[in-house]
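Have a look at the structure below, then the notes.
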Amino acid sequence: MSNKKQFDYSHFTVKSVVQASVHKVYELWTSQAGLEKWFLRLAEFTSSNGEKRDPHEDIQVGDTYKWLWHGYPDTVVEHGEILELNGKNHMRFTFGKAGIVTVTIGIEESTTIVTLTQDNIPPVSETEVNFHVDCKTGWTFYLANMNSIVQGGVDLRNKNTKLHLD
-16 MSNKKQFDYS HFTVKSVVQA SVHKVYELWT SQAGLEKWFL RLAEFTSSNG EKRDPHEDIQ
44 VGDTYKWLWH GYPDTVVEHG EILELNGKNH MRFTFGKAGI VTVTIGIEES TTIVTLTQDN
104 IPPVSETEVN FHVDCKTGWT FYLANMNSIV QGGVDLRNKN TKLHLD
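Numbering (the working numbering), first residue to last: -16 to 149.
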């Protein structure tokens, strides 16, 4: 009998330094135009009354989204809903079948820190793709890309759909 604690795959947290103000980082999360700068090929939002949001318009609680990634065909799509926004440094959204994501932007030691937690990750068998590992790896990359973009650096995303890097 082992006393070894079983790893909890139902959640994870990733923290990342971003060299920008809390306000600027929040803007990168809360509009189509912001998300497409560092994260997605398409970040289309639809209001609760069925109207598509303008790319520069702030998203709202109850909006649903359709997300497409660079380097993947349109068949790789994520749908979800915006659950919480506080207008300054916090948001929550469903992340397809992979759980709920909470993003909080704050200051620690005079540095802007993005804290991303994904929880309610459903259990999967070992033969299926593991949401915990794949999502944590993905978020780590995209948060690093956000920092590269805001510092005037290069966009690290693969934009060639003929390259399959997974």
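Note that CB positions come from ideal geometry on N, CA and C, so glycine has one too.
Coarse secondary structure for Ala81, derived from DSSP in three states: Position 98 of the sequence shown, counted from the first residue, corresponds to residue 81. For Ala81, the three-state secondary structure derived from DSSP is coil.
Distance between Glu40 and Asp176 (C-alpha atoms, nearest Å): The structure shown does not extend to residue 176, since the chain is modelled only from -16 to 149, so the question has no answer here.
For Leu11 and Phe124, the rounded distance between their alpha carbons: Along the sequence shown, one-based indexing puts residue 124 at 141. Along the sequence shown, one-based indexing puts residue 11 at 28. C-alpha separation (whole angstroms): 16 Å.
For Pro106 and Gly82, the rounded distance between their alpha carbons: By 1-based counting over the sequence shown, the position of residue 82 is 99. By 1-based counting over the sequence shown, the position of residue 106 is 123. In this structure, the alpha-carbon of Gly82 lies about 10 Å from that of Pro106.
Simplified DSSP state of Asp117, which is helix, strand or coil: Counting from one through the sequence shown, the residue named residue 117 turns up at place 134. Assigned with DSSP and collapsed to three states, Asp117 falls in helix.
Supposed contact pair Trp50 and His26 - C-beta distance, whole angstroms, cut 8 Å: Within the sequence shown, the letter at position 43 stands for residue 26. Within the sequence shown, the letter at position 67 stands for residue 50. Residue identity check: residue 26 is Ala in the sequence provided, not His. Between Trp50 and Ala26 the Cβ distance is about 6 Å, and since that is below 8 Å, they are a contact.
Own chain residues within Cβ distance below 6 Å of Gln43, not counting five before or after: Your numbering for residue 43 matches position 60 in the sequence shown. The answer is none, since no qualifying residue turns up.
Alpha carbon of Gly135 to alpha carbon of Phe(-10), nearest angstrom: Here the question's residue 135 lines up with position 152 in the sequence shown. Here the question's residue -10 lines up with position 7 in the sequence shown. Each residue's Cα considered, the two are about 38 Å apart.
Terminal residues of the alpha helix (DSSP H) in which Glu10 lies: The residue you call residue 10 lines up with position 27 of the sequence shown. Element bounds for Glu10: Val5 to Trp12.
For Leu99 and Ile88, the rounded distance between their alpha carbons: In the sequence shown, residue 88 corresponds to position 105, counting from 1. In the sequence shown, residue 99 corresponds to position 116, counting from 1. Straight-line spacing of the CA atoms in Ile88 and Leu99 works out to 9 Å.
Candidates Ile90, Gly17, His(-6) and Val5: closest to Ile132 by CA position: The residue you call residue 132 lines up with position 149 of the sequence shown. Of the candidates Ile90, Gly17, His(-6) and Val5, the residue whose Cα lies closest to the Cα of Ile132 is Gly17.
Alpha-carbon spacing of Phe76 relative to Tyr48, whole angstroms: Counting from one through the sequence shown, the residue named residue 76 turns up at place 93. Counting from one through the sequence shown, the residue named residue 48 turns up at place 65. If you take the alpha carbons of Phe76 and Tyr48, they lie about 10 Å apart.
His115 burial status per 10 Å Cβ neighbour count (16 or more: buried): For the purposes of this step, residue 115 is taken as the residue at position 132 of the sequence shown. Note on His115: 16 or more other CB atoms within 10 angstroms of its CB, so buried under the neighbour-count rule.
Option nearest Asp46 by Cα separation, candidates Gly54, Leu68, Val59 and Asp57: Here residue 46 refers to the residue found at position 63 when the sequence shown is read from its first residue. Closest in C-alpha terms to Asp46, from the list Gly54, Leu68, Val59 and Asp57, comes Leu68.
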